[in-house]
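**Q** Protein chains in written order, with the working numbering: chain Y, 1 to 359; chain H, 360 to 667. Where a beta carbon is used, it is the ideal one built from N, C-alpha and C, also for glycine.
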């Protein structure tokens, strides 16, 4: 009889625990990933997939993973996410900004599944978390390098779409470049694509034709690096270490390291201490790393390393006042630092950047 | 600067032209192959892989031509011998090609490939070959007897069959030619345009090539014009974005205001211009019934089963 009550109590506890959702331990987690590009893009989606592989490696048979690649942002995304939710995924990572509304919509219909949306800011349901990395910290360091190395004082910047993530990167790069060279200009070309090697190469060529002697990119392929190598100028890699594509060209690259975050979240789910969160990590937590500083003098390298160190230790924040917006209005007062809200919703150029931001 | 821009335009136009001229021949024979994107992807991965293995971009390109042709024969077998639906089979071929190429190419990701460099006037051998190909195709289709048979098969396979023309055999050949050209177009991407392999690097160019064939109303020379127009708009809008206002102010009188006006147009709109142009042309073509009837292969997309 005593045994029975223990059993009853245990099962009651289990029911209670599973009703509580977040606190239930799990024996095995099925983690699913949705990528905007092909896993073989050697950029954004490739790095997310590296993170997925790290999860498999570290958590072994406690985890099963699945992914869908090249899922277009928009209506298709909602179908893909829902398919995963129905197929028994416990946690779904949707790894592109444009999946934001689709993720929240599906999350509302599947309250037992955890959703993790990268680079977004909407958490409309308890089961939606968001995560992002402070890539702009790396872009500031790039700016510090480029500002010193440019001879034409024109740096070519290949941008994808005018979303806050990209705009923040351009601003941070510019602020970094200005900190060492007040004459430097950043020439932005919008490719209107995340991934089209041919078009990215064309954008790089256009920028070089118009006088840029350093290229940086916020698109996902290695094509701009190759064009820079061919034309004999310098460039920054994106998302992965692209040194193979420009051994004498790459200055450094911002490396997205998603693995630690993915492992942490899935582990939390296994251990029963998973909670909704909004994560935004950078240099300090190791989510953003810089590839080795190459093809530059030791002085420039030292400056870059110092900037990286100062940002890591929080001594330096790229977005610190006094800073004005392009339209002349005040953004940050002397000594003021931008808060996360202002950074995450950034939809303006800072003062000094030429050209208009498309809307 | 102008020379560099022209080379960029030619480079952007060549893969579109190659894929489109092949599809044109296929469609002239009455076969609508929507698998261009997939065949290009197969060509791209083959060109890259074989180029890397042999160290010769030329051998890579030749291998891509063969693989493109062989891959298209799968489509030909399904649609011509088994008389399956051409639209559905073509779409399947695209999906298959993108998937298989991604699988084959997994090991190539992150590796720089071999480059086919310029040989004359800053342009590569495949570009020059594509011009020769244009002349040959135009001459073949409109000035030779076999060319006439190809068009006859596309316009009325029943009549052609009644006259003893081997409809199925000619269609096989036309589809294989289309596949070979698409394969070469893909190799152009992975050997000349951006000498690397990344999955889905065709990025929709196969679909643009398909649109170009209609844009050109099935005339070879117009395919070249269309490809150059596409290339010029794509490159032009990037160049204008990159131009500083002072550069633009330095242009001669009418040009400075035109370029200045274009610079103020949102880049999203300029990016979509090639597609808008296609839509406009399609509307114009369909409005002119005579023009549409003269050039559209009448049997386009229709299966032919001889003993029925």
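(1) Would you say residue 405(H) reaches chain Y, if we count a Cβ-Cβ gap shorter than 9 Å as a contact?
(2) Do residue 279(Y) and residue 45(Y) count as a contact pair if the criterion is CB distance below 9 Å?
(3) Leaving aside the five residues before and after residue 174(Y) along the sequence, list all residues of the same chain whose C-beta is less than 6 Å from its C-beta, in chain order.
(4) Beta carbon of residue 43(Y), beta carbon of residue 464(H): below 9 Å?
(5) Helix, strand or coil for residue 551(H)? Go by DSSP, reduced to three states.
(6) Just to confirm, is the Cβ distance from residue 338(Y) to residue 320(Y) under 9 Å?
(7) Compare the C-beta of residue 365(H) against all C-beta atoms of chain Y and say whether one is closer than 9 Å.
(8) Could you name the residues of the same chain whose beta carbon sits closer than 8 Å to that of residue 508(H), not counting the 5 residues immediately before and after it, in chain order?
(9) Assuming residue 403(H) and residue 562(H) make a contact with CB atoms under 8 Å, what is their CB distance in whole Å?
(10) Name the chain Y residues whose beta carbon is nearer than 7 Å to that of residue 633(H)?
(11) Can you check whether the C-beta of residue 216(Y) is within less than 9 Å of a C-beta belonging to chain H?
(12) Between residue 623(H) and chain Y, is there a C-beta pair that is closer than 9 Å?
(13) Measure from the alpha carbon of residue 87(Y) to the alpha carbon of each residue in 229(Y), 64(Y), 263(Y), 156(Y), then state which is nearest.
(14) Helix, strand or coil for residue 523(H)? Go by DSSP, reduced to three states.
(15) What does a CB cutoff of less than 6 Å around residue 32(Y) pick up in its chain, not counting 5 residues either side in sequence?
(16) Closest Cβ-Cβ distance between residue 190(Y) and chain H: below 9 Å?
(17) Which residues, taken in chain order from the stretch 456-484 of chain H, show a beta carbon closer than 9 Å to some beta carbon of chain B?
(18) Please report the straight-line C-alpha distance between residue 605(H) and residue 240(Y), rounded to a whole angstrom.
(19) What's the C-alpha gap between residue 574(H) and residue 637(H)?
(20) Distance, Cα to Cα, residue 598(H) vs residue 272(Y)?
(21) In its own chain, which residues sit with a C-beta less than 7 Å from the C-beta of residue 482(H), not counting the 5 before and 5 after it?
(22) What is the rounded straight-line gap between the Cα of residue 22(Y) and the Cα of residue 277(Y)?
(23) Got a sec, what are the start and stop residues for the alpha helix (DSSP H) residue 53(Y) sits in?
(24) The alpha helix (DSSP H) with residue 265(Y) in it runs from where to where?
(25) Thinking C-alpha only, which one of 252(Y), 167(Y), 178(Y) is nearest residue 358(Y)?
(26) Within 9 Å of any Cβ in chain H, is that where the Cβ of residue 237(Y) sits?
(27) Quick check: the stretch 580-589 of chain H against the stretch 369-389 of chain H, are there 3 or more CB pairs under 8 Å?
(28) Would you say the beta carbon of residue 200(Y) comes nearer than 8 Å to a heavy atom of the ligand FAD?
(29) Taking any Cβ of chain Y, which residues in the stretch 574-603 of chain H have a Cβ under 8 Å from it, in chain order?
(30) Which chain Y residues are close to residue 489(H), counting only those with a beta carbon under 8 Å from its beta carbon?
(31) DSSP three-state call for residue 498(H): helix, strand or coil?
(32) Quick one: which chain H residues come within Cβ less than 8 Å of residue 187(Y)?
(33) Are the CB atoms of residue 373(H) and residue 552(H) within a distance shorter than 9 Å?
(34) Residue 222(Y) touches chain H at which residues, Cβ-Cβ below 9 Å?
(35) For residue 244(Y), go through chain H and note every residue whose CB falls closer than 9 Å to its CB, in chain order.
(36) Measure from the C-beta of residue 563(H) to each C-beta in chain Y and report whether the shortest distance is under 9 Å.
**A** Reading off the structure:
(1) Here residue 405(H) corresponds to residue number 46 of the second chain, with the count starting at 1. Contact with chain Y is absent for residue 405(H), since none of that chain's Cβ atoms lies less than 9 Å from the residue's Cβ.
(2) Taking the first residue of the first chain as 1, we reach residue 45(Y) at position 45. Taking the first residue of the first chain as 1, we reach residue 279(Y) at position 279. Result no, Cβ atoms of residue 45(Y) and residue 279(Y) do not sit closer than 9 Å.
(3) Taking the first chain and counting its residues from 1, one reaches residue 174(Y) at position 174. Contacts found: 186, 353.
(4) On the first chain, residue 43(Y) is found 43 positions in, with the first residue counted as 1. On the second chain, residue 464(H) is found 105 positions in, with the first residue counted as 1. Cβ distance not < 9 Å, so residue 43(Y) and residue 464(H) don't count as in contact.
(5) Working through the second chain from its first residue, we reach residue 551(H) at position 192. Helix.
(6) As a position in the first chain, residue 338(Y) is number 338, starting the count at 1. As a position in the first chain, residue 320(Y) is number 320, starting the count at 1. In contact: residue 338(Y) and residue 320(Y) (Cβ atoms closer than 9 Å).
(7) Counted from its first residue, the second chain places residue 365(H) at position 6. With 9 Å as the cut-off, residue 365(H) does not count as an interface residue toward chain Y.
(8) For this step, residue 508(H) is matched to residue 149 along the second chain. Cβ within range, chain order: 519, 524, 529.
(9) For the purposes of this step, residue 403(H) is taken as the residue at position 44 of the second chain. For the purposes of this step, residue 562(H) is taken as the residue at position 203 of the second chain. Rounded, the Cβ-Cβ distance is 11 Å, inconsistent with contact.
(10) For the purposes of this step, residue 633(H) is identified with residue 274 of the second chain, where counting begins at 1. Near residue 633(H) there are no residues of chain Y at all, since even the closest Cβ is about 11 Å away, more than 7 Å.
(11) Taking the first residue of the first chain as position 1, residue 216(Y) is located at position 216. No, its Cβ sits nowhere closer than 9 Å to a Cβ of chain H.
(12) Along the second chain, one-based indexing puts residue 623(H) at 264. Yes - at least one Cβ of chain Y is within 9 Å of the one on residue 623(H).
(13) For the purposes of this step, residue 87(Y) is taken as residue 87 along the first chain, with counting starting at 1. The shortest Cα separation from residue 87(Y) among 229(Y), 64(Y), 263(Y), 156(Y) belongs to 64(Y).
(14) The count along the second chain starts at 1 and reaches residue 523(H) at position 164. It is coil, neither helix nor strand.
(15) Counted from its first residue, the first chain places residue 32(Y) at position 32. Answer for residue 32(Y): 66, 84, 89, 92, listed in chain order.
(16) Within the first chain, residue 190(Y) is the residue found at index 190, counting from 1. So, interface residue.
(17) In the displayed structure, chain B is absent; the protein chains listed are Y and H.
(18) Position 246 of the second chain, counting from 1, holds the residue named residue 605(H). Position 240 of the first chain, counting from 1, holds the residue named residue 240(Y). Cα to Cα, residue 605(H) sits roughly 36 Å from residue 240(Y).
(19) Counting from 1 along the second chain, the entry for residue 574(H) is found at position 215. Counting from 1 along the second chain, the entry for residue 637(H) is found at position 278. C-alpha separation (whole angstroms): 6 Å.
(20) Numbered from 1 along the second chain, position 239 holds the residue referred to as residue 598(H). Numbered from 1 along the first chain, position 272 holds the residue referred to as residue 272(Y). So the two alpha carbons sit approximately 54 Å from each other.
(21) Position 123 of the second chain, counting from 1, holds the residue named residue 482(H). Hits under 7 Å: 366, 369.
(22) Numbered from its first residue, the first chain carries residue 22(Y) at position 22. Numbered from its first residue, the first chain carries residue 277(Y) at position 277. Because the pLDDT of residue 22(Y) is 47, which lies under 50, any placement of that residue in the model is unreliable, and the number read from its coordinates should be weighed accordingly. Distance between the alpha carbons of residue 22(Y) and residue 277(Y) is about 12 Å.
(23) For the purposes of this step, residue 53(Y) is identified with residue 53 of the first chain, where counting begins at 1. Residues 44-59.
(24) Looking up residue 265(Y) in the first chain gives position 265. Here the alpha helix (DSSP H) through residue 265(Y) covers 259-271.
(25) For the purposes of this step, residue 358(Y) is identified with residue 358 of the first chain, where counting begins at 1. Of the listed residues, the one whose Cα sits closest to residue 358(Y) is 167(Y).
(26) On the first chain, position 237 is the one that residue 237(Y) refers to. Not an interface residue.
(27) yes
(28) By its list of ligands, the structure shown contains no ligand whatsoever, and the ligand FAD lies outside what it can speak to.
(29) 593, 594, 597, 598, 600, 601, 602, 603
(30) If you number the second chain from 1, residue 489(H) lands on position 130. Those within 8 Å of residue 489(H) in chain Y number zero; the least Cβ separation is about 16 Å.
(31) Within the second chain, numbered from 1, the residue matching residue 498(H) stands at position 139. If DSSP states are grouped into helix, strand and coil, residue 498(H) belongs with the helices.
(32) Taking the first chain and counting its residues from 1, one reaches residue 187(Y) at position 187. Here the neighbours are 601, 603.
(33) Along the second chain, one-based indexing puts residue 552(H) at 193. Along the second chain, one-based indexing puts residue 373(H) at 14. Yes, the Cβ-Cβ distance between residue 552(H) and residue 373(H) is below 9 Å.
(34) If you number the first chain from 1, residue 222(Y) lands on position 222. Chain H residues near residue 222(Y): 469, 471, 553, 555, 557.
(35) Within the first chain, residue 244(Y) is the residue found at index 244, counting from 1. Near residue 244(Y) (Cβ distances below 9 Å), the residues of chain H are 469, 470, 471.
(36) Against the second chain, residue 563(H) aligns to sequence position 204. Yes, contact with chain Y.
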